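Step one of this worksheet: look at the structure below.
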Amino acid sequence: MNARILLVEDEKAIQLALSGLLRRQGYEVEVAGTGEDAFGRLDAGAFDLVLTDLALGRGASGMDVLRRAKELRPETVVVMITAHGSERVAVEAMKAGADDYVPKPFDNDEIRLVVHRALERTRLQRENRLLLEQVQRQYGFENLIGTGPAMRGVFETLQKVAETDLTVLVRGESGTGKELVAQALHNRSPRRNRPFVAVNCAAISAELVESELFGHEKGAFTGADARRQGRFEAADGGTIFLDEIGDMAPETQAKVLRVLQERCFERVGGTSPIQVDVRVVAATHRNLEEGVEAGSFRKDLYYRLKVVEIDLPPLRERREDVPALAQRFLEAVTERLGRDKKRIAEAAMARLMRHDWPGNVRELQNALEQAVVLTAGPEIGESDLNLTEKPGVAGDDGADVAGLGFGDAKKRTVERFERSYLLTALRRNRGNISRTAESIGMVRQSLQQKIRELDLRSEDWNKRDS
Ligand SMILES: Nc1ncnc2c1ncn2[C@@H]1O[C@H](COP(=O)(O)OP(=O)(O)OP(=O)(O)O)[C@@H](O)[C@H]1O
Ligand SMILES: [Mg+2]
Numbered sequence: 015m016n017a018r019i020l021l022v023e024d025e026k027a028i029q030l031a032l033s034g035l036l037r038r039q040g041y042e043v044e045v046a047g048t049g050e051d052a053f054g055r056l057d058a059g060a061f062d063l064v065l066t067d068l069a070l071g072r073g074a075s076g077m078d079v080l081r082r083a084k085e086l087r088p089e090t091v092v093v094m095i096t097a098h099g100s101e102r103v104a105v106e107a108m109k110a111g112a113d114d115y116v117p118k119p120f121d122n123d124e125i126r127l128v129v130h131r132a133l134e135r136t137r138l139q140r141e142n143r144l145l146l147e148q149v150q151r152q153y154g155f156e157n158l159i160g161t162g163p164a165m166r167g168v169f170e171t172l173q174k175v176a177e178t179d180l181t182v183l184v185r186g187e188s189g190t191g192k193e194l195v196a197q198a199l200h201n202r203s204p205r206r207n208r209p210f211v212a213v214n215c216a217a218i219s220a221e222l223v224e225s226e227l228f229g230h231e232k233g234a235f236t237g238a239d240a241r242r243q244g245r246f247e248a249a250d251g252g253t254i255f256l257d258e259i260g261d262m263a264p265e266t267q268a269k270v271l272r273v274l275q276e277r278c279f280e281r282v283g284g285t286s287p288i289q290v291d292v293r294v295v296a297a298t299h300r301n302l303e304e305g306v307e308a309g310s311f312r313k314d315l316y317y318r319l320k321v322v323e324i325d326l327p328p329l330r331e332r333r334e335d336v337p338a339l340a341q342r343f344l345e346a347v348t349e350r351l352g353r354d355k356k357r358i359a360e361a362a363m364a365r366l367m368r369h370d371w372p373g374n375v376r377e378l379q380n381a382l383e384q385a386v387v388l389t390a391g392p393e394i395g396e397s398d399l400n401l402t403e404k405p406g407v408a409g410d411d412g413a414d415v416a417g418l419g420f421g422d423a424k425k426r427t428v429e430r431f432e433r434s435y436l437l438t439a440l441r442r443n444r445g446n447i448s449r450t451a452e453s454i455g456m457v458r459q460s461l462q463q464k465i466r467e468l469d470l471r472s473e474d475w476n477k478r479d480s
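Read the sequence shown against the working numbering and you will find it ends at 480, with the numbers running on by one and no gaps.
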């Protein structure tokens with residue numbers, strides 16, 4: 015489609031010359047002789063580019079046209095035609111949002127070039143915006159599926175802190191969506207158009223992690239044959255996501271702490287401090303409190319990080335989310351593989367609901383992917399799911415106690431249920447016995463009694479990744 019241009023010019027001769035020139039270039043051109051005329055046309059329809067004389071005789075000026083055009087549609091490109099010697103005004107116009115200007119007198123080539131260049135620039139901007147929207151659809155808030163109260167709390171916190179620069183610590187077992195949350199925080203922040211840089215602290219060796227994070231100067235160590243920019247610098251203006259921060263070496267922790275406190279660091283082998291403007295989001299599946307106690311995680315960093323804490327509950331504690339997640343993954347996978355639409359049979363869904371999901375949402379995603387690949391027909395049945403149940407979880411079918419007499423089988427199963435149920439409740443309440451008892455409608459003394467009977471130990475419920 016040809017670009018639409020609005021030409022605003024009060025001098026008849028220039029009007030004719032310019033509109034002719036632009037039409038010959040294949041553009042669709044409308045002409046306005048006054049600022050007011052231009053307003054009417056801008057109100058009536060969208061233009062890709064407005065080419066306006068700065069001086070328009072009496073009435074509204076080119077500056078007014080510029081303002082109106084940008085107000086109505088900020089993406090409209092505005093190019094000003096300025097009188098000879100009025101560079102100062104041209105600069106004013108650029109400050110007010112004009113994209114470019116051509117001083118009079120101009121020749122045809124100049125106009126052609128300026129218009130072409132300005133349109134090209136918006137085309138790129140538009141493409142970027144579309145890309146961004148795609149990315150947002152993919153990672154955005156909406157894409158974090160959560161239907162029950164467990165995730166509602168997470169969403170509320172997300173909403174409250176996304177727009178701020180507060181440091182956020184995301185915690186949760188593997189596969190619970192920590193990275194997705196970090197992405198959502200970034201996409202919902204004023205930094206969304208700046209970089210989101212993710213660093214997996216567990217994946218980089220201790221020797222390399224500092225150079226990775228802070229960069230290095232040429233000759234800082236053997237093999238450093240050129241200066242290198244670190245991830246903190248790359249994230250300037252945006253968000254850095256320090257994934258698996260619980261695995262970071264103490265020396266590196268000290269340097270990260272300094273960035274959090276002073277927004278400043280030095281490259282490895284460098285002496286001049288580098289200032290950055292980054293928002294820090296960190297994640298870990300580890301129990302940092304234990305790390306602090308054991309001396310492997312700095313207490314001061316711990317407090318700096320947990321300004322805001324987002325705890326992602328394991329999937330087995332929010333089974334209500336399973337159907338929506340399963341449906342989403344089913345659709346995504348069939349679409350990606352170009353398969354016909356499939357549905358999940360009732361029995362299969364019931365099985366998904368029962369599963370313990372030690373690998374959380376990621377495991378569910380993988381399970382559906384596999385099921386889609388393996389199922390030829392339109393319906394995924396229970397037998398198409400390849401789920402291996404860990405023994406000892408609530409809701410099992412008793413297959414592994416089948417050899418015992420009913421009394422023993424029941425006793426064993428009940429015990430197993432009690433153990434798993436109580437541990438889950440204790441974990442949810444961070445081991446606080448009174449709160450746990452209250453939340454499950456049990457008397458505190460009975461809970462304590464049960465804990466003794468089943469020999470539950472605090473390390474069982476503190477363990478986040480069992
Ligand atoms: N609430 C959710 N809604 C939709 N998809 C989700 C949700 N949570 C997680 N996922 C998907 O599950 C997968 C795992 O999520 P993610 O990588 O964010 O987990 P993680 O906690 O960072 O895991 P790990 O600790 O293993 O790095 C991703 O593909 C992600 O898109
Ligand atoms: Mg992750």
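The C-beta atom is built at its ideal place from N, Cα and C for all residues, glycine as well.
Predicted, not measured: the structure shown is a model, and the values here were computed from it.
Any idea which residues DSSP pairs residue i with across the strands?
{"i": "Thr253", "result": "Phe210, Arg293"}
{"i": "Phe63", "result": "Note that residue 63 is Leu in the sequence shown here, rather than Phe. In DSSP, Leu63 forms a bridge with Ile19, Val91."}
{"i": "Tyr317", "result": "Paired residues: none, contrary to the question."}
{"i": "Ala230", "result": "The question names Ala, but residue 230 is His in the sequence shown. For His230, which the question treats as bridged, DSSP gives the partners Arg242, Val282."}
{"i": "Asp325", "result": "Arg185"}
{"i": "Thr96", "result": "Pro117"}
{"i": "Ile159", "result": "Partner(s): none; Ile159 has no beta bridge."}
{"i": "Ile288", "result": "Phe279"}
{"i": "Ile218", "result": "In the DSSP output, where bridge partners are listed per residue, Ile218 has none listed."}
{"i": "Glu393", "result": "Arg357"}
Could you tell me if residue i is buried or exposed, where buried requires 16 or more neighbouring beta carbons within 10 angstroms of its beta carbon?
{"i": "Cys215", "result": "buried"}
{"i": "Val428", "result": "exposed"}
{"i": "Gly237", "result": "exposed"}
{"i": "Thr450", "result": "buried"}
{"i": "Val175", "result": "buried"}
{"i": "Ser286", "result": "exposed"}
{"i": "Met367", "result": "exposed"}
{"i": "Glu473", "result": "exposed"}
{"i": "Asp51", "result": "buried"}
{"i": "Tyr435", "result": "exposed"}
{"i": "Lys192", "result": "buried"}
{"i": "Ala58", "result": "exposed"}
{"i": "Val105", "result": "exposed"}
{"i": "Leu399", "result": "buried"}
{"i": "Asn374", "result": "buried"}
{"i": "Phe235", "result": "exposed"}
{"i": "Thr298", "result": "buried"}
{"i": "Ser203", "result": "buried"}
{"i": "Arg481", "result": "This structure leaves residue 481 out entirely; the chain is present only between 15 and 480."}
{"i": "Lys424", "result": "exposed"}
For residue i, does the three-state DSSP call read helix, strand or coil?
{"i": "Ile465", "result": "helix"}
{"i": "Glu44", "result": "strand"}
{"i": "Gly260", "result": "helix"}
{"i": "Glu25", "result": "coil"}
{"i": "Val182", "result": "strand"}
{"i": "Arg205", "result": "coil"}
{"i": "Ala307", "result": "One detail in the question is off: residue 307 reads as Glu in this sequence, not Ala. Here Glu307 sits in helix by DSSP."}
{"i": "Phe279", "result": "strand"}
{"i": "Ile358", "result": "strand"}
{"i": "Glu124", "result": "helix"}
{"i": "Thr450", "result": "helix"}
{"i": "Glu117", "result": "With the sequence shown as reference, residue 117 is identified as Pro, and Glu is not the correct amino acid for it. Strand, per DSSP."}
{"i": "Thr298", "result": "strand"}
{"i": "Glu177", "result": "coil"}
{"i": "Leu382", "result": "helix"}
{"i": "Arg272", "result": "helix"}
{"i": "Arg10", "result": "What the structure shows of the chain is the stretch from 15 to 480, and residue 10 is not part of that stretch, so it cannot be assessed."}
{"i": "Asn443", "result": "coil"}
{"i": "Val223", "result": "helix"}
{"i": "Ser1", "result": "For residue 1 there is no data in the structure shown, the boundaries of the chain being 15 and 480."}
Does any CB atom of chain C fall closer than 8 angstroms to the CB of residue i?
{"i": "Thr402", "result": "Given the protein chain composition of this structure (a single chain), no chain C is represented."}
Within the structure, which residues are defined as neighbours of ligand 2 by a Cβ-heavy atom distance below 6 angstroms, reported in chain order? Lys192, Glu193, Asp257
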